[in-house]
Amino acid sequence: MSITATRIKAGAYLAAILALSSSFAGCSQQMTSIFSQREKDMTEGWSANKIYVTAKESLNGGDYDRAIKLYESLEARYPLGRFAQQAQLETAYAYYKNDEPDSALDAIDRFLRMNPSSDSADYALYLRGLVNFNRGSSIVDKVFPRSIADLDTVRQKESFQDFSHLVTRYPNSKYAPDAKARIQYLRNSLAEGEVNVAKYYMVRGAWLAAFNRSEYAIKHYQGSPAIVDALEIKVQAANNLGKPDLAADSLRVLETNFPQRAAKLRR
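Numbering (mature numbering (1 follows the signal peptide of the UniProt record, and there is no 0)) for the sequence shown: -25 to -1, 1 to 242.
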């Protein structure tokens, strides 16, 4: 067979494959459209109560995609109804359970903007903290848990702030005890993370960066076990930066609270 004939045959195969792919894509879009239309038609004429109950059943059954569609349909059809606020919150929860943290946070923030005085504002803050607390947890992390100190801490800091806002604004909330426990866990892990970074800089002789990291940990995460390490690093960093007064101040704090560790530095 000539090269030209081979190319023509190959081109024909390629055209057939592309046509078949286009056909499948068209069928897929058509099926999606049909499904969406059925969902829309299904709630046509339903009462707010019926939509809410059906959405709640889907949520409890783990069908989060369907629950979200139904809650959003409920809010669109009955924006001023008695289920509207609850639908907004449960939409956020469904997004959270469906591993869609950005959508969950958007839904929570929208709820708080629209309902700043709601009796459920404490739950919204608690849920916001949970979303950020669990954000980025992969399957590997669930099987082989890692300390937050080994992870990117941006979202964990946001979670720390969310839970802190909750216990400050709503100290008697039923969610406050769990929030306080998570705050303590986050405080310890975030402090450990700052100290680990400070140690990294210290080993490489980046004393200013080590000093700043240790100082940040001491300032923001008081009560954490990692603070003793932060104080030691701060003393060593200050000495290496030619700031003996700062080193002496940190050493006095270390002697007052952790005399044995201070004694090691004096040897």
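Glycine included, each C-beta is placed from N, C-alpha and C at the ideal position.
* Since residue 107 and residue 133 are thought to touch, with beta carbons under 8 Å apart, how far apart are those beta carbons, to the nearest angstrom? -> Between residue 133 and residue 107 the Cβ distance is about 5 Å, and since that is below 8 Å, they are a contact.
- Three-pair Cβ contact test at 8 Å for the stretch 193 to 201 versus the stretch 158 to 168: Taking 8 Å as the limit for Cβ pairs, the verdict is that the stretch 158 to 168 does touch the stretch 193 to 201.
Query raised in the report: So, helix, strand or coil for residue 73, using DSSP?
Result: Here residue 73 sits in coil by DSSP.
Checklist entry - What's the C-alpha gap between residue 86 and residue 175? => result Taking the straight line from one Cα to the other gives about 42 Å.
Between the CA atoms of residue 185 and residue 179 - distance to the nearest angstrom
Rounded to the nearest angstrom, the two C-alpha atoms are 10 Å apart.
Review point. Can you tell me the Cα-Cα spacing of residue 50 and residue 146, whole angstroms?
Key: Each residue's Cα considered, the two are about 31 Å apart.
Can you tell me whether DSSP reads residue 104 as helix, strand or coil?
Here residue 104 carries a helix assignment [DSSP, helix/strand/coil].
| Within the stretch 150 to 178, ranges of the alpha helix (DSSP H) (whole runs, at least 4 residues) | As far as the stretch 150 to 178 is concerned, its whole alpha helix (DSSP H) runs of at least 4 residues are 151 to 178.
Whose C-alpha, out of 204, 202, 166 and 23, is nearest the C-alpha of residue 55? If we check each option's Cα against that of residue 55, 23 comes out closest.
- Please report the Cβ distance between residue 151 and residue 141, rounded to the nearest whole angstrom; I am assuming they are in contact, meaning their Cβ atoms lie under 8 Å. Taking a contact as a CB-CB distance under 8 Å, the pair residue 151 and residue 141 counts as one, their CB atoms being some 7 Å apart.
| task | Could you tell me if residue 243 is buried or exposed, where buried requires 16 or more neighbouring beta carbons within 10 angstroms of its beta carbon? | result | This structure cannot settle anything about residue 243, because the visible part of the chain is limited to -25 through 242.
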